[in-house]
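Below is one structure, written out as structure tokens; the observations come after it.
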Amino acid sequence: MNNGQIAQVLDSIGELLEFKDENPFKVRAYHNAARAIESLTVDLADVCRDKKLGDIPGIGKAMEEKITELITTGKLGFYEELRKEIPEGVVAMVSIPSFGPKKARVVWKELGITTIADLRKACQENKLSGLKGFGEKTQQKILKGIEFHEQHVGQYLLNDAMPVAKSLIAWLEASKTVHRVSIAGSLRRWKETVRDIDLLASATDAAKVMDVFVKAPGVAEVIGRGDTKTSVRLASGMQVDLRVVTDPQFPYALAYFTGSKEHNVAIRQVAQKQGLKVNEYGITRGSTLIECKDEVEFYKALGLPYVPPEMRENTGELDPKKFPQLIDYKSLKGVFHTHSTWSDGTAEIEAMAEKARSMGLRYMGLSDHSKAAAYANGMDEARLAKQMKEIDRLNKKWKDFRILKGLECDILPSGDLDLSPDILGQLEFVIGSIHSRFDMPEKEMTERVCKAIANEHFDILGHATGRLLLSREGYKLDLGRVLEAAKQHRKIVELNAYPNRLDLDWIHCRRAKDLGVMMSINPDAHSTSDLENIEYGIATARRAWLEEKDVLNTRDLDEVLEILNG
DNA sequence: GCCGTTTTCGGCCCGACTGTTTTCAGTCG
């Protein structure tokens, strides 16, 4: 059982305990422990063997026992019992908006409802209105919530949400009703998927801002409206929350509404120890406000270095000793993993190169598909040889830019690379990727990938888990072993910046960094505009605390070639 | 269930909004 699975069990226990009306602090303890494990960069099984579980903050005696049971037996009696006690369908009900564990428990205990379908039926038959705390409006709200739940997974990719948020910001700014306005919430932290869009504005007349906001293009429904908070649903189904505060309150509110929730809790604990109180309106000592004009001052007032939003996940960012020199959005000097019309890209090589050059990049590694990717018009040896000549011709064009000859080479089920060693040896780099036989058992898949990594012509492991966000699980793979192999053979692992991949994810990137495995932030561009995806990759790298030194393509060309040849 | 530079017991972050309520519980972030 790996760290992720153990964290999942503890999270699940926390959730189940809520249905039992358990002490909310006990519930939180389970979620905290899960969070602590999730961000761990070592294998919990090793920590357990060394009897060091108790050293992990958030893990005490009870957690230690449960984790040990999970690791040694693969099961946990306490968890099994809980699951038997609370029907799965009842747990599933909390994915209905504004329907939480307390309400779920009431309909289950009072009316014996254990599925969302039954819940809908009960609402339609007006059976809920008699229950304590339930009225006509609640019933209607639940029906609406179920409808929404069925239409949407309720999650959106970063690249779907970000442009919408930016256009709403522009709308509010254009109205001249706001002083300052910003994206907040998980979107500002660049979480890979988001549930909604959070916006924060400062203004002298909040009501005016709300008036403008509900008239924004795309608003289909006003879900709620108060003096300081308004929620709307867009025609796309996306929910947008807007909070309005006074301008002096803006920095505190921005910190607060950016979250994460766990980061905020940790911030307040830090504040409390210094006799300070933090809320969205200020930092106060007694009745005295500590003035901050922006977030930098906010953190300073608490004696902390400024924590960029991407890092605010309560995984150690409040410990100044651990603070990294984060990679910047302008740190990349070149990119790898780009496609052209030679395989399944939509743009000519030259257009891709010109776009990369216009973005201020100095080199672009071209890596069209190899022949096993027939669906993508993959190249055989002969076409690849021809493409190399074409690149030589194009490279005469620029003094300040170069296209590198590469290939996204299929890793065959055997673990061999798709094209002959002879032609691979002529390339400047080779990305190895899995595009077939996703269904292999974990052990075989791990061996397949590790064998490819050991191949002398292999340089970069492409989208290591193969997951597609919101649509496909990754293939089964022992990432720990894969990263070890990359380290041993001094190979590079990709952080694929394509917004529905972001693979490796931030947690595993951080693990790679801690192991000393070099990463490369790659756009996996199939069009010129896809090159801009590197922004999502850099954001993910920042979430993983990566520094420039951890990333291949922050380096100048000559150094990059040295690393690839070495 | 975790934690401790006043503590091994008694705390544990804080507030807005909604719908149901005459003072509050649940949900959300």
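All letters in the first sequence, in the order written, are residues 68 to 633 by our numbering. Cβ coordinates follow ideal geometry from the N, Cα and C atoms, glycine included.
Runs of alpha helix (DSSP H) with 4 or more residues, each lying fully within the stretch 331-406, are found at 362-368, listed in chain order. Secondary structure of F317 (DSSP, three-state): helix.
Rounded to whole angstroms, the separation of the alpha carbons of D265 and I183 is 28 Å. Within 10 angstroms of the beta-carbon of K176 lie fewer than 16 other beta-carbons, which makes it exposed. Between the alpha carbons of D272 and P315 lies a gap of roughly 14 Å. Taken in chain order, the unbroken stretches of beta strand (DSSP E) that lie wholly in the stretch 550-621 and span 3 residues or more are 559-563 and 586-589. The beta carbons of M229 and G141 sit no closer together than 7 Å. Of the other Cβ atoms in all chains shown, 16 or more fall within 10 Å of the Cβ of Y319; this residue is therefore buried. G432 is positioned such that its CB atom lies closer than 7 Å to that of F403. By the Cβ test, the stretch 406-425 is not in contact with the stretch 601-612, since fewer than three Cβ pairs between them sit closer than 8 Å. In its chain, beyond the 5 residues on either side, D265, L266, L267, L321, F324 and T325 have a beta carbon closer than 7 Å to the beta carbon of A251.
If the five residues before and after L254 are omitted, its C-beta is found closer than 8 Å to the C-beta atoms of L225, A228, M229, A232, V261, I264 and D265, all from its own chain and listed in chain order.
Shown here for V286: same chain residues with a beta carbon closer than 7 Å to its own, the five before and five after excluded, namely V299 and L301 in chain order. A283 sits in coil when the DSSP states are folded into three classes, being neither helix nor strand. Scanning V584, H524 and K389 for the CA closest to the CA of D489 turns up H524. Annotation for L137: the continuous alpha helix (DSSP H) segment containing it runs K128 to T140. Annotation: A606 to Y396 spans about 8 Å, alpha carbon to alpha carbon. Counting only runs of at least 3 residues, the stretch 213-265 fully encloses the following beta strand (DSSP E) elements, listed from N- to C-terminal order: 247-251. The stretch 533-541 makes contact with the stretch 565-577: 3 or more CB pairs, one atom from each, lie closer than 8 Å.
Between the stretch 352-369 and the stretch 555-565, the count of Cβ pairs shorter than 8 Å is below three; the stretches do not touch. From the listed residues L598, I138 and A101, the smallest Cα separation to P590 is found for L598. In the structure shown, V311 falls within a strand segment according to DSSP collapsed to helix, strand and coil.
A straight-line Cα-Cα distance of about 45 Å links G304 and K128.
Taking 7 Å as the cut-off, the Cβ atoms of V584 and K554 count as close. In the DSSP annotation of this structure, the continuous segment of the alpha helix (DSSP H) that includes T513 starts and ends at E509 to A521. Secondary structure of F496 (DSSP, three-state): strand. Judged by pairs of C-beta atoms under 8 Å, the stretch 152-172 touches the stretch 77-91, as three or more such pairs exist. With respect to H436, E475 sits close: the two C-beta atoms are nearer than 7 Å.
In this structure, L195 and F201 form a Cβ contact; the two beta carbons are roughly 5 Å apart against a cut-off of 8 Å.
The C-beta distance from A519 to G473 rounds to 15 Å, too long to fall under 8 Å, and the pair is not in contact.
The bridge partners DSSP lists for R469 are Y430.
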